[in-house]
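Below is one structure; the comments refer to it alone.
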Amino acid sequence: MKDGMGDELDDEHRQLVEVLLHELRTSLTTIRGWAELPLQGLSDDPALMVRALRRIQEEADHMYEATQRVFPRSDASWERPSHPEPMDLRDVADEAVADLGLLDPARPITRENSGRTALVADNRMLRHAVRNLLGNALQHTPAGSPVTVAVRGPVRGPGGEPRVELSVRDQGPGMDPRAIARLTTPYPESDGGEPGGGLGLTIVRRVVERHGGEVAVSSAPGLGTTVTVALPTVSVSSGN
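Take 6 as the starting number for the sequence shown in my numbering and just add one per residue.
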């Protein structure tokens with residue numbers, strides 16, 4: 006039972022450490038996949054090797070920043086500052102699919118594009134969020150089950166504002182409403198409920214909401230699951 010501010014801070018720090026471990030595992034898995042390319046006889050392709058080294062460096066940088074957010078220096082912020090810049094959601098999807106293809110070569114992956122998906126966002130944060138979406142698809146579906154990654158834009162949001170969308174659709178067993186609730190709840194409920202299992206999706210939601218967007222989950226038993234990320238075409242934090 007929490008009986009003071011110290012206990013609440015300890016609980017917050019524990020949650021931050023759990024997020025950190027999840028992010029480190031994701032980055033290490035990606036690094037391992039790209040680092041194994043020379044062992045597969047592909048080191049004679051200079052362009053591919055440059056791409057592999059770039060991805061390894063990016064993931065190493067992400068691991069360092071994630072660690073600093075949980076165990077900061079005295080002058081460091083607990084939350085990484087946002088660095089919005091013009092980007093294309095199709096490029097983010099292509100990179101995430103390339104990572105997934107290394108981690109699970111036997112997995113059938115379909116890419117779909119519809120329209121122009123330019124926006125202003127933090128490139129590194131958004132790439133990590135999309136990779137977490139695909140990681141969830143791998144984790145919660147049988148081996149060899151197809152996955153579709155689709156981007157659409159521009160579309161109109163509920164208030165008529167322009168936005169772009171990225172969805173990850175699987176053909177797994179699907180979920181009932183209670184399972185969806187558990188997927189989107191990473192930590193135990195205060196009433197003693199079972200621990201949730203959606204840490205990856207929680208990271209996705211935090212990144213998307215920080216950009217002024219939203220995440221929707223659509224699923225039913227036997228019909229697979231679709232997770233859709235909707236983002237405004239401008240950065241909320243920058244106002245551009």
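Just so you know, even glycine gets a beta-carbon here, dropped at the ideal spot from N, CA and C.
With residue i and residue j assumed to form a contact (beta carbons below 8 Å), what rounded beta-carbon distance in angstroms separates them?
| i | j | result |
| --- | --- | --- |
| SER32 | GLU70 | Actually they are not in contact, since the Cβ atoms of SER32 and GLU70 sit about 10 Å apart, beyond 8 Å. |
| LEU236 | GLY218 | 4 Å |
| VAL173 | ALA123 | About 20 Å; that fails the 8 Å criterion. |
| SER224 | MET180 | 4 Å |
| ALA134 | VAL213 | 6 Å |
| ILE208 | HIS27 | 7 Å |
| LEU171 | ALA98 | 6 Å |
| GLU107 | GLY38 | According to the sequence displayed, residue 107 carries Leu and not Glu. That pair is a contact at about 3 Å. |
For residue i and residue j, I'd like the C-alpha separation in whole angstroms.
| i | j | result |
| --- | --- | --- |
| VAL156 | PRO89 | 20 Å |
| ALA40 | GLY164 | 45 Å |
| ARG59 | VAL232 | 28 Å |
| ASP93 | THR72 | 28 Å |
| THR146 | GLY177 | 5 Å |
| GLY202 | PRO182 | The pLDDT assigned to GLY202 is 48, lower than 50, so where the model puts this residue is not dependable; a value taken from the coordinates is nonetheless given after this. So the two alpha carbons sit approximately 14 Å from each other. |
| GLN144 | THR115 | 18 Å |
| ASN2 | ARG19 | Nothing can be reported for residue 2: it is not among the residues displayed for the chain, which extend from 6 to 245. |
| ARG187 | VAL102 | 26 Å |
| VAL152 | ASP109 | 11 Å |
| VAL160 | ARG168 | 5 Å |
| ILE61 | LEU131 | 17 Å |
| LEU25 | GLY140 | 16 Å |
| THR238 | VAL125 | 6 Å |
| ASP175 | THR230 | 6 Å |
| GLY120 | ASP96 | 13 Å |
| VAL234 | VAL220 | 5 Å |
| ARG112 | ARG210 | 25 Å |
| THR5 | LEU21 | The structure shown has nothing for residue 5, since the chain only spans 6 to 245. |
| ASP50 | GLU23 | 38 Å |
| PRO226 | GLY162 | 28 Å |
| LEU42 | VAL154 | 24 Å |
| ILE36 | ALA184 | 31 Å |
| PRO91 | GLU117 | 21 Å |
| ALA81 | GLU100 | The pLDDT assigned to ALA81 is 41, lower than 50, so where the model puts this residue is not dependable; a value taken from the coordinates is nonetheless given after this. Going by the C-alpha atoms only, they are around 30 Å apart. |
Buried or exposed for residue i, going by 16 or more other Cβ atoms inside 10 Å?
| i | result |
| --- | --- |
| ARG215 | buried |
| ALA148 | exposed |
| GLU166 | exposed |
| GLU199 | Bear in mind that the predicted position of GLU199 carries a pLDDT of just 41, short of 50, making it unreliable; the figure below should be weighed with that in mind. Its Cβ having fewer than 16 others within 10 Å, GLU199 is exposed. |
| ASP104 | buried |
| LEU228 | exposed |
| ARG5 | Residue 5 is absent from the model: the chain starts at 6 and stops at 245. |
| VAL55 | exposed |
| GLY158 | buried |
| ALA57 | buried |
| ARG30 | exposed |
For residue i, write down the residues that DSSP places opposite it in a beta bridge.
| i | result |
| --- | --- |
| PRO110 | BP columns for PRO110 are empty, so no partner. |
| LEU58 | DSSP lists no partner for LEU58. |
| ASP155 | Position check: residue 155 holds Ala in this sequence, whereas Asp was assumed. Looking at the DSSP assignment, ALA155 forms a beta bridge with GLU117 and SER172. |
| PRO91 | VAL125 |
| ALA221 | THR233 |
| VAL160 | ARG168 |
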